[in-house]
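Q: Numbering (UniProt numbering), first residue to last: 1 to 231.
(1) In angstroms, rounded to a whole number, what distance separates the CA positions of residue 186 and residue 216?
(2) DSSP state of residue 74, grouped into three classes?
(3) Just how far apart, CA to CA, sit residue 151 and residue 194?
(4) To the nearest angstrom, how far is the alpha carbon of residue 101 from that of residue 46?
(5) With a cut-off of 8 Å, do at least 3 Cβ pairs link the region 157-176 to the region 31-48?
(6) Using 8 Å as the threshold, is the region 2-15 in touch with the region 60-79, meaning 3 or more CB pairs across them?
(7) Whole angstroms are fine: how far does the CA of residue 229 sit from the CA of residue 56?
(8) Starting from the C-beta of residue 98, find all residues in its chain whose C-beta is less than 8 Å away, skip the five residues before and the five after it, and write them out in chain order.
(9) Going straight from the alpha carbon of residue 143 to that of residue 121, what length do you get?
(10) Starting from residue 88, trace the beta strand (DSSP E) both ways and give me its first and last residue.
(11) Have a look at 106, 22, 43 and 190 and flag the residue whose alpha-carbon is nearest the alpha-carbon of residue 96.
(12) Give the DSSP-derived three-state secondary structure of residue 155 in the structure shown.
Right, dumping it as structure tokens:
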């Protein structure tokens with residue numbers, strides 16, 4: 001009977017959209033890797049985190065491993081720090097139609113880092129570099145927003161990335177979510193506000209250049225529709 005093995009999938013960082021050593025090979029955000037004894041047929045099966053279903057993910061066969069990996073996007077549900085979740089996989093089949101044994105394992109999310117105040121000079125230098133790297137393509141008088149203004153958050157704001165993948169993947173001592181950063185800066189994040197911020201987020205880095213296709217360098221049809229609805 002085909003099986004899943006969860007020894008690489010028991011820890012997860014909710015703040016890291018592109019996880020760990022597989023980040024430059026597998027474009028599956030918010031996922032953990034399960035080793036599987038044979039390739040998964042994604043037409044079958046359900047994965048849940050604390051009883052809530054998550055997307056199918058991907059099954060990928062790498063040259064460096066005799067066994068394939070199934071990437072489960074647990075982070076669609078597991079967004080809290082310092083918490084233990086229960087992940088269950090059931091009803092899966094391999095490419096030959098054989099049923100996988102049901103798999104249940106505990107997923108522990110990392111504790112959230114905090115600002116210890118010991119690295120202000122380094123953080124100021126990093127902020128200066130990032131400020132200089134921002135490119136404003138167009139402004140029709142919308143910017144700057146007034147402090148205290150009500151703004152709505154749309155798009156992939158929960159997938160806000162602080163680093164690239166591969167050798168450029170970093171693990172910050174602490175970080176804020178995009179929403180927290182806006183609120184700390186004095187803005188009020190409210191659904192239905194007249195001013196909206198639409199966030200696009202793409203993974204890139206070592207072995208992962210964005211190609212001139214939808215979902216990478218160009219917008220997806222879903223993103224275009226969301227932008228039209230927002231206007």
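Beta carbons are placed, not taken as given, at the ideal position from N, Cα and C, and that holds for glycine. No experiment lies behind these values; they were computed from the predicted model shown.
A: So, from the listed chains and residues:
(1) 32 Å
(2) helix
(3) 7 Å
(4) 13 Å
(5) no
(6) yes
(7) 27 Å
(8) 1, 2 and 38
(9) 29 Å
(10) 84-90
(11) Closest by C-alpha distance to residue 96, out of 106, 22, 43 and 190, is 43.
(12) strand
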